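Under this note's numbering, read the sequence shown as residues 39 to 329, first letter to last.
Here a beta-carbon is modelled for each residue, glycine too, at the ideal position from N, C-alpha and C.
A quick note: this is a predicted structure, and the numbers were derived from the prediction, not measured.
Taking it in order: structure first as structure tokens, then the write-up.
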Amino acid sequence: MPIVGDSSTLGSMADRSRLGLVATEPATPALRHRVPALQRALDRRLRELARRIDERSVHESRIAARRLRVVLRSFARVLEPAIARPYRRAIGEIADALEAVRDADVAVQQFDALVDGAARPSPGSRARLIERRTRARAALRTAMRGAAWRRRTAALRIAGASPALVIASADLTGTLAEHGLARRRRRARRALRALHDPRRHPRAAHRLRLEIKALRYLAEECRTGRSGAPKREIEGLHELQDVLGELRDVEALRADLEPRALQRRCDRRARRLLRRFTERRRTLLEAWRRQ
């Protein structure tokens with residue numbers, strides 16, 4: 039949710055916590071409401087995940103975890119390190135535990151899109167992908183029933199609700215957000231300038247996607263006011279993130295395909311995605327130069 043530029047229209051702090059951080063408020067009270075709100079959102083997603091492991095529940099749990107982690111990283115200056123560091127680490131472990139299921143889900147989706155209308159649908163390849171997804175979901179379900187998972191999620195709730203997490207500070211939320219956005223933009227800009235062909239440099243492309251995603255999440259928290267990110271920039275970040283993610287998924291899927299005809303389909307899709315990446319890259323770099 040975005041930072042809201044005018045706190046006078048938002049009523050109580052409890053109401054504001056549902057809307058996002060308030061740029062004109064001191065960071066300490068704002069974060070003492072926003073972090074627990076993001077933690078509660080993560081709790082809800084994890085409860086849904088425990089009831090049913092599917093594409094939607096996995097995806098939304100990962101997003102909730104990453105949004106909370108980005109806020110903790112970006113406002114680390116006013117957080118107690120002894121609490122915030124293990125808190126961030128535990129959130130990262132939760133997100134990492136979902137990675138294998140996410141990759142297996144996307145592989146099936148990409149395969150079905152690829153073979154749509156194909157003369158040879160390659161049932162053997164799809165069966166292997168379905169089996170991999172089944173194993174990944176079973177492994178996650180087993181992990182979530184274990185004591186380690188329960189201890190980790192309980193520790194998250196305790197850390198998120200701790201009154202000692204956010205330390206006293208006179209800094210305004212918008213001031214800290216502005217510094218965080220500027221720092222993440224510099225990192226994303228350097229990585230984007232250095233990468234011309236994600237297919238030839240997949241690790242660099244993956245790192246860039248993580249930078250773009252973190253910048254976008256923070257920008258959505260800081261959409262208005264002097265520290266804000268223009269809506270067009272957020273849209274550009276989202277588009278670039280999607281292109282990089284789909285390109286990574288298509289390249290990973292190619293190794294699982296048997297018929298050369300399907301491999302050629304993967305290659306054609308990858309070339310189209312590469313052209314889209316080049317266009318989005320140029321547009322975003324030009325927008326950043328004008329800022």
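Going by other Cβ atoms of all chains shown within 10 Å of its Cβ, with 16 needed for buried, is P124 buried or exposed? In the sequence shown, residue 124 corresponds to position 86, counting from 1. That one is exposed.
Which whole-angstrom value is the C-beta distance of L311 and V288, which I expect to be below 8 Å? The residue given as residue 311 occupies position 273 in the sequence shown. The residue given as residue 288 occupies position 250 in the sequence shown. The Cβ separation is near 7 Å, so the contact holds.
Are A229 and L253 touching if we call contact CB-CB under 8 Å? Sequence index remark: in the sequence shown, residue 229 carries index 191 (1-based). Sequence index remark: in the sequence shown, residue 253 carries index 215 (1-based). No, the pair does not count as a contact, with Cβ atoms beyond the cut-off.
When DSSP labels each residue in this structure, what does A64 get in the three-state scheme? What you label residue 64 is simply residue 26 of the sequence shown in a count that begins at 1. A small correction: the amino acid at residue 64 is Pro; Ala does not occupy that position in the sequence shown. Here P64 carries a strand assignment [DSSP, helix/strand/coil].
Over what stretch of residues does the alpha helix (DSSP H) that includes S112 continue unbroken? Position 74 of the sequence shown holds residue 112. Counting along the chain, the alpha helix (DSSP H) containing S112 begins and ends at 93-112.
With DSSP run on the structure shown, which of helix, strand or coil describes L136? Your numbering for residue 136 matches position 98 in the sequence shown. Coil.
8 Å CB neighbourhood of A138 in its chain, flanking five on each side removed: The residue given as residue 138 occupies position 100 in the sequence shown. Closer than 8 Å at the Cβ level, and outside the excluded window around A138, lie A174, A177, L178.
Using 10 angstroms around the beta-carbon of L323, count the other beta-carbons present and answer buried if the total reaches 16, otherwise exposed. Translated into the one-based positions of the sequence shown, residue 323 becomes position 285. Exposed: under 16 other Cβ atoms inside 10 Å.
Measuring CB to CB, does L69 end up less than 8 Å from V146? In the sequence shown, counting from the first residue as 1, residue 69 sits at position 31. In the sequence shown, counting from the first residue as 1, residue 146 sits at position 108. Their beta carbons are not under 8 Å apart, which means L69 does not touch V146 by this criterion.
What's the gap between the Cα of A79 and the Cα of R189? Position 41 of the sequence shown, counted from the start, is the residue given in the question as residue 79. Position 151 of the sequence shown, counted from the start, is the residue given in the question as residue 189. Going by the C-alpha atoms only, they are around 18 Å apart.
Spatial neighbours of W314 in its chain, beta-carbon cut-off 6 Å, leaving aside the 5 residues before and after: Translated into the one-based positions of the sequence shown, residue 314 becomes position 276. One detail in the question is off: residue 314 reads as Arg in this sequence, not Trp. For R314, where only same-chain residues beyond five positions count, the Cβ hits under 6 Å are V281.
May I have the straight-line CA-CA distance separating P240 from R286, to the nearest angstrom? Position 202 of the sequence shown, counted from the start, is the residue given in the question as residue 240. Position 248 of the sequence shown, counted from the start, is the residue given in the question as residue 286. Spanning the two alpha carbons is a distance of roughly 7 Å.
Can you tell me which of the three DSSP states L117 falls into? By 1-based counting over the sequence shown, the position of residue 117 is 79. In the structure shown, L117 sits in a strand (DSSP, three-state: E or B).
Have a look at R171 and D143 and give me their C-alpha separation to the nearest angstrom. Residue mapping note: residue 171 aligns to position 133 of the sequence shown, counting from 1. Residue mapping note: residue 143 aligns to position 105 of the sequence shown, counting from 1. Straight-line Cα distance between these residues: approximately 6 Å.
Taking the alpha carbon of R302 as the point to measure from, which residue in V153, A193, R166, R327 has its own alpha carbon closest? The residue labelled residue 302 in the question sits at position 264 within the sequence shown. The shortest C-alpha separation from R302 is found at V153.
Just checking, does the segment 179-186 make contact with the segment 194-213 on the three C-beta pairs under 8 Å criterion? no
If we ignore side chains and look at the alpha-carbon of each, how far apart do E259 and L106 end up? As a first step, residue 259 must be located in the sequence shown, where it is residue number 221. As a first step, residue 106 must be located in the sequence shown, where it is residue number 68. The alpha-carbon atoms of E259 and L106 are separated by roughly 11 Å.
Contacting residues, own chain, Cβ-Cβ under 7 Å from R292 (five flanking each side not counted): Position 254 of the sequence shown, counting from 1, holds the residue named residue 292. Within the same chain, and ignoring the five residues on either side of R292 in sequence, the residues whose Cβ sits closer than 7 Å to its Cβ are Q301, C304.
With the cut-off set at 8 Å, would you say A325 and E271 are in Cβ contact? By one-based count along the sequence shown, residue 325 stands at place 287. By one-based count along the sequence shown, residue 271 stands at place 233. If you check the CB distance, A325 and E271 come in under 8 Å.
Can you tell me whether DSSP reads L210 as helix, strand or coil? Working through the sequence shown from its first residue, we reach residue 210 at position 172. Here L210 sits in strand by DSSP.
Where do the N-terminal and C-terminal ends of the alpha helix (DSSP H) with L282 fall, by residue? Mapped onto the sequence shown, residue 282 falls at position 244. Taken as a continuous stretch (DSSP letters only), the alpha helix (DSSP H) holding L282 covers 269-292.
Spatially closest choice to S99 from E86, R111, L110, by CA coordinates: Within the sequence shown, the letter at position 61 stands for residue 99. Closest option to S99, Cα to Cα, is E86.
Given that a residue counts as buried once 16 or more other Cβ atoms are within 10 Å of its Cβ, and exposed if not, what is Q329? Translated into positions along the sequence shown, residue 329 becomes position 291. Counting Cβ neighbours within 10 Å, Q329 comes out exposed, since fewer than 16 surround it.
Expressed to the nearest angstrom, what Euclidean distance is found between the alpha-carbon atoms of A135 and V109? Within the sequence shown, the letter at position 97 stands for residue 135. Within the sequence shown, the letter at position 71 stands for residue 109. Rounded to the nearest angstrom, the two C-alpha atoms are 20 Å apart.
Does any C-beta atom of chain B lie closer than 8 Å to the C-beta of L110? Among the chains in the structure shown there is no chain B, since it carries only a single protein chain.
Which word fits P236, buried or exposed, when buried means at least 16 other C-beta atoms lie within 10 angstroms of its C-beta? Translated into the one-based positions of the sequence shown, residue 236 becomes position 198. Flag for P236 reads buried.
Would R90 pass as a contact of Y255 if the rule is Cβ separation under 8 Å? The sequence position of residue 90 within the sequence shown is 52, counting from 1. The sequence position of residue 255 within the sequence shown is 217, counting from 1. When the beta-carbon positions are compared, R90 and Y255 stay at least 8 Å from each other.
Which same chain residues, not among the five before or five after A65, have their C-beta less than 6 Å away from its C-beta? For the purposes of this step, residue 65 is identified with residue 27 of the sequence shown, where counting begins at 1. Setting aside the 5 residues that flank it on each side, A65 is surrounded in the same chain by V116, S207, D209, T211, L214, each with a C-beta closer than 6 Å to its C-beta; the list follows chain order.
Who are the near neighbours of R318 in its chain, counting only those whose CB is closer than 8 Å to its CB and skipping five residues on each side? Working through the sequence shown from its first residue, we reach residue 318 at position 280. If we look at R318 and ignore the five residues flanking it on each side, its Cβ neighbours are G274, E277, L278, V281.
Express the C-alpha separation of A242 and R166 in angstroms, rounding to a whole number. Start at 1 with the first residue of the sequence shown, and residue 166 comes out as number 128. Start at 1 with the first residue of the sequence shown, and residue 242 comes out as number 204. Using only the alpha carbons, I get a separation of about 29 Å.
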